[in-house]
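Q: Below you'll find the structure I mean.
Protein chains in written order, with our numbering: chain A, 423 to 800; chain B, 423 to 800.
What follows is the structure, given as C-alpha cells:
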C-alpha cells in the first residue's frame with residue numbers, strides 16, 4: 423500500500439455524537455478516537471519508542487516549548503527532524519509552545535505581535551510569534567501543527583477571556599498564512615473562550631471560516647468543574663465542521679475521555695498516564711490504584727491478570743509497591759507502561775464500541791468497572 | 423533436556439590460566455567467564471528483566487543488605503522467593519550483606535558473633551550473623567550464597583587486615599554449617615587478606631580445606647592500584663582448587679575483567695555498567711564515552727554502528743546527549759542497556775577466544791580498541 427500524499431480525515435462510523443474515524447497522512451494513519459501519549463522533550467518519559475508504538479499509539483505529541491529550548495528546533499532540523507531524532511517514524515503532533523510559555527517560563531509578556539519570555543532552564547530570552555511557532559513546528563517536521571493561542575486559566579473574568587480569545591483568532595489567521603500549503607501536513611486552529619458559551623461560539627464560528635484541516639478545543643481542564651468542560655464541548659463541537667478532526671487539548675482522565683468522545687471529540691493528549699506512572703499510580707479497568715499504599719506490600723496479584731500488557735499482568739503488586747517505595751526506575755517504567763497500555767486499550771475499546779453501535783452501553787460498563795473499584799485486599 | 427538436580431562446575435577449555443567453564447544448577451547454566459549484572463534491590467536498575475536476560479546474562483546478583491531492609495527477607499519468602507518476586511527465573515547469586523553493612527549502614531559494630539547496625543533508611547536496628555546471613559539468603563532462595571565476611575578498605579594496617587581475615591575464616595565455617603547440604607545450591611567462601619600476600623595465602627589455604635563449592639576473592643578494588651589487585655589474584659588463584667569456580671567480587675572495569683580472566687577468574691559482578699548508565703557514561707569497544715560532553719550535541723552517529731543492541735546502534739549520540747542533559751529517564755534506560763550489552767558482548771568475546779586458544783591475542787586487540795579511543799568528532 424502506498425502512503426497517502428495528503429492529509430485527510432474520514433468518519434467511518436458514528437454512534438450518537440461519537441465518531442469512529444481515520445486521519446490519514448504520509449507518515450501513517452491515526453485511528454480515532456485517539457489518545458496521543460505526550461513525548462514532552464522528544465521522549466515519552468520512561469518508555470522506549472517501540473513500546474509506545476506496540477501499545478497501539480498511532481501518534482505522539484511533542485512540546486514545542488521544551489524542544490525549542492533544548493535541544494533547539496534548528497538543531498533538531500539539522501539532525502533530520504523530530505521523527506528521526508526521537509526514533510518515532512510515525513505521525514507527530516506538536517503544540518504551539520504557547521501553553522507552556524504561560525505555565526513554565528519566566529518574565530513572559532504578551533503583545534499583539536507574540537510572546538516574549540525567558541527560558542526556565544537558563545534564563546535565555548526568546549520570542550514566540552505565531553509565525554515563529556509555525557516555523558519551529560516546521561523545523562521539527564511535525565505532521566500536525568497547532569496555532570499559537572492564548573489560553574486563560576479558569577476562573578477568569580469575561581473581559582480577559584474574550585481578549586485572549588480574540589487575540590487567538592488573529593493569531594490563527596497569521597499561523598494559517600505562515601503554514602501555507604503543505605498537503606501532507608495540517609495546521610489546527612484552537613477554539614478558546616473559557617467557560618463562556620457565547621465566546622466559545624464566536625471562536626468556533628470564526629475558526630470554521632478559516633477552513634482549517636482540523637480544530638482543537640483548548641483552554642479546558644484548566645481548573646473548571648467537569649460539567650463546565652462538557653458544556654463548553656457541546657457548544658464548540660456543534661459549530662465545528664463534521665468533516666474535520668476535533669482535538670480536546672490536555673484532557674484527561676479516562677472518564678473525561680469517555681464523556682468527551684460522547685460529545686464528538688476525536689483526539690486527546692494528556693500527561694496523566696505518564697506522570698502518574700512516575701508517582702506510583704496505576705490506571706486500570708478497576709479504577710486508579712495507588713501502589714504506594716501498604717495494602718499492596720504482600721499482594722502477589724498483578725494489577726490486571728487479564729491484561730495483554732506484561733507490566734500489568736506479570737509483575738505482582740507487592741513488587742510494584744517495593745519498586746515505588748524504593749524509588750527504583752523500574753517502578754516508573756512498569757507503571758507508565760501499564761498506564762499507557764490501559765489508556766490505549768480504552769481507546770481501542772471505545773473505537774470498537776462505536777463501530778458496533780454500542781458506545782453508550784459500553785461506556786456505562788466501563789464506568790461501572792471503575793466504580794466497582796479495586797480488588798478487595800487479600 | 424532435564425534441569426540438573428545438583429550444582430556443578432566444569433572447565434571445558436583453558437588458554438594459559440584463563441578458563442572457559444560452565445556452572446550448572448537447577449535454575450540454569452552459567453557460562454564462564456561470566457559477568458553478573460547487579461540487581462541491588464531486586465531490579466537491575468533501569469532495565470526490564472527480559473532485557474537483561476536477552477543480553478546473555480545467565481545470572482544476576484542480589485544484595486542481601488538492601489533486600490533484608492526492604493522489602494524484607496521473610497516477605498520475599500512469603501511471595502515465593504526472589505526469582506518469583508523480581509521475575510527472574512534464572513540463577514541468582516546473593517552477597518552476604520556484610521560489605522554494604524560496612525559502607526551504608528549507621529552505628530555498625532562488629533563482634534565475634536556478627537555485626538549489629540542500623541538501617542540507613544529508617545534507623546531500625548538489625549543483627550547480621552553468619553547464620554542469619556545464610557538464613558536470609560535461603561529465604562531469598564538464592565542459588566549461590568556468599569559467606570559473611572569482613573572486608574577491609576585499603577590502605578589498612580596489617581594487623582587490622584589479618585584480624586578481619588581470621589574472623590572471616592571463622593565465619594566461613596559457621597556459614598558452611600548453617601548452609602548444610604543443599605545439592606542444587608552453593609555457598610562460596612571468600613578469600614580475604616587485603617594487599618598482603620602471606621595473608622591471602624593463609625586465607626585461600628584455610629578456605630580450600632573447607633571444601634566449598636566455589637570461592638570468591640574479596641576485599642579487592644577497594645582503593646588499591648590495579649597491579650596490587652592483580653598480584654593478590656595471582657597469589658589467591660594459585661592456591662584455590664582448579665575444579666571450583668572463582669569469583670572476583672565487585673570488579674570491575676572492562677580492563678580489570680580482561681586481566682583477571684587471564685589470571686583464572688571465572689565470575690564478576692560490578693555496578694559500573696548500570697551506575698555509569700545513569701550518569702551519562704557509555705562503555706563501548708572504543709572505550710568510555712561521556713555523553714554529557716557538548717561534542718555529541720550535533721552528532722547523528724550512534725554509539726556503535728556495528729552493535730547488535732538497539733540502544734547502541736539505533737539512537738544518535740545527539741539524542742542521547744539531549745536525554746542525559748535533560749535528565750530524561752530514557753537516557754538512563756538506553757545507556758544502561760548499551761553498557762550491559764557491551765559488558766556481555768565482551769564476556770562472549772572472551773569465552774570464544776579462550777575456546778579458540780586465542781585469548782592473549784584477542785585481549786590485546788580489545789585493549790587496542792579502547793586505547794585507540796572514540797571516533798573523531800565530525
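Here a beta-carbon is modelled for each residue, glycine too, at the ideal position from N, C-alpha and C.
The structure presented is a predicted model; accordingly, all values stated were derived computationally and were not measured.
Indicate whether at least one CB of chain A lies closer than 8 Å to the CB of residue 440 of chain B.
A: Not closer than 8 Å to any Cβ of chain A, the Cβ of residue 440 of chain B fails to qualify, so no.
Q: Less than 8 Å between the CB atoms is what I'm expecting for residue 613 of chain B and residue 643 of chain B, so what's the real figure, rounded?
A: Going by Cβ atoms, the distance from residue 613 of chain B to residue 643 of chain B rounds to 14 Å, so no, they are not a contact pair.
Q: Which residues in chain B sit within 7 Å of residue 727 of chain A, going by Cβ to Cβ distance?
A: Those within 7 Å of residue 727 of chain A in chain B number zero; the least Cβ separation is about 15 Å.
Q: I'd like to know whether the C-beta of residue 542 of chain A is nearer than 8 Å to at least one C-beta of chain B.
A: No, residue 542 of chain A lies away from the interface with chain B (no Cβ there is under 8 Å from its Cβ).
Q: Mind listing the chain B neighbours of residue 748 of chain A? Cutoff is C-beta to C-beta under 7 Å, in chain order.
A: Ordered by position in chain B, the residues that pass the 7 Å Cβ test against residue 748 of chain A are 463, 492.
Q: Return the CA-CA distance between residue 772 of chain A and residue 748 of chain B, expressed in angstroms with no decimal places.
A: Their backbone Cα atoms lie some 35 Å apart in a straight line.
Q: What does the alpha-carbon distance come out to for the pair residue 624 of chain A and residue 745 of chain A?
A: About 50 Å.
Q: If you follow the beta strand (DSSP E) that residue 639 of chain B is in, where does it begin and where does it stop?
A: Run containing residue 639 of chain B: 636-639, per the beta strand (DSSP E) assignment.
Q: Could you list which residues in chain B have their beta carbon closer than 8 Å to that of residue 467 of chain A, in chain order?
A: Under the 8 Å cutoff, chain B gives 750, 751, 752.
Q: Between residue 466 of chain A and residue 482 of chain A, how many whole angstroms is the CB-CB distance? I'm expecting something under 8 Å.
A: Confirmed, Cβ separation roughly 6 Å.
Q: Kindly say whether residue 504 of chain A, judged by its beta-carbon, lies nearer than 8 Å to any beta-carbon of chain B.
A: So, not an interface residue.
Q: What are the complete beta strand (DSSP E) segments, minimum 3 residues, inside the segment 449-505 of chain A?
A: Entirely contained in the segment 449-505 of chain A, the beta strand (DSSP E) runs reaching 3 residues are, in chain order, 450-454, 456-459, 482-484.
Q: Could you list which residues in chain B have their beta carbon closer than 8 Å to that of residue 740 of chain A, in chain order?
A: 493, 497, 501, 507, listed in chain order.
Q: Could you list which residues in chain A have their beta carbon closer than 8 Å to that of residue 720 of chain B, in chain order?
A: Within chain A, the residues near residue 720 of chain B are 497, 500, 501.
Q: So is residue 463 of chain A buried or exposed if we call it buried at 16+ other beta carbons inside 10 Å?
A: The residue is buried, with at least 16 neighbouring Cβ atoms inside 10 Å.
Q: Are the segment 546-558 of chain B and the segment 513-523 of chain B touching by the rule of at least three beta carbon pairs closer than 8 Å?
A: A contact exists between the segment 546-558 of chain B and the segment 513-523 of chain B.
Q: Please list the terminal residues of the continuous alpha helix (DSSP H) segment that includes residue 675 of chain A.
A: Element bounds for residue 675 of chain A: n/a, residue is neither H nor E.
Q: Are any of the Cβ atoms in chain A nearer than 8 Å to that of residue 826 of chain B?
A: Nothing in the structure corresponds to residue 826 of chain B, since chain B is present only between 423 and 800.
Q: When you compare only the Cα positions, how much space is there between residue 599 of chain A and residue 728 of chain A?
A: Going by the C-alpha atoms only, they are around 50 Å apart.
Q: Does any residue of chain B bring its CB to less than 8 Å from the CB of residue 736 of chain A?
A: It does: the Cβ of residue 736 of chain A has a partner Cβ on chain B nearer than 8 Å.
Q: Which of helix, strand or coil does DSSP assign to residue 597 of chain A?
A: Helix, per DSSP.
Q: Tell me whether residue 441 of chain A sits in a helix, a strand or coil according to DSSP, three-state version.
A: Residue 441 of chain A: strand per DSSP, three-state reduction.
Q: Give the straight-line distance between the Cα atoms of residue 596 of chain B and residue 751 of chain B, rounded to the nearest whole angstrom.
A: So the alpha carbons of these two residues sit roughly 44 Å apart.
Q: With DSSP as the reference, label residue 668 of chain A as helix, strand or coil.
A: It is a strand residue.
Q: For the beta strand (DSSP E) containing residue 533 of chain A, name the first residue and the last one.
A: No beta strand (DSSP E) contains residue 533 of chain A, which DSSP labels as neither H nor E.
Q: Taking the continuous beta strand (DSSP E) assigned at residue 709 of chain A, which residues delimit it?
A: First-last of the beta strand (DSSP E) with residue 709 of chain A: 709-712.
Q: Quick check on residue 608 of chain A: does DSSP put it in helix, strand or coil?
A: Strand.
Q: Under 8 Å between the Cβ atoms of residue 576 of chain A and residue 616 of chain A?
A: In this structure, residue 616 of chain A lies closer than 8 Å to residue 576 of chain A by Cβ.
Q: Thinking just about the alpha-carbon of each residue, which of B:477, B:476, B:549 is nearest to the one in residue 487 of chain B?
A: It is B:549 whose Cα lies nearest to the Cα of residue 487 of chain B.
Q: Check the Cβ of residue 745 of chain A against every Cβ in chain B and list those closer than 9 Å, keeping chain order.
A: In chain order: 463, 464, 465.
Q: Would a C-beta distance cut-off of 8 Å place residue 568 of chain B and residue 638 of chain B closer than the cut-off?
A: Yes, they are a contact pair.
Q: Among the candidates A:651, A:454, A:581, A:648, whose CA atom is the shortest distance from the CA of residue 443 of chain A?
A: Among A:651, A:454, A:581, A:648, the Cα nearest to that of residue 443 of chain A is on A:454.
Q: Give the range of the alpha helix (DSSP H) segment to which residue 690 of chain B is assigned.
A: Residue 690 of chain B -> not in any alpha helix (DSSP H); beta strand (DSSP E) instead, spanning 689-692.
Q: Look at the alpha carbon of residue 656 of chain B and the alpha carbon of residue 760 of chain B, and state the distance between them as a whole number of angstroms.
A: Answer to the nearest angstrom: the Cα atoms are 32 Å apart.
Q: With residue 713 of chain B and residue 739 of chain B assumed to form a contact (beta carbons below 8 Å), what rounded beta-carbon distance in angstroms separates them?
A: Right, their Cβ atoms sit about 7 Å apart.
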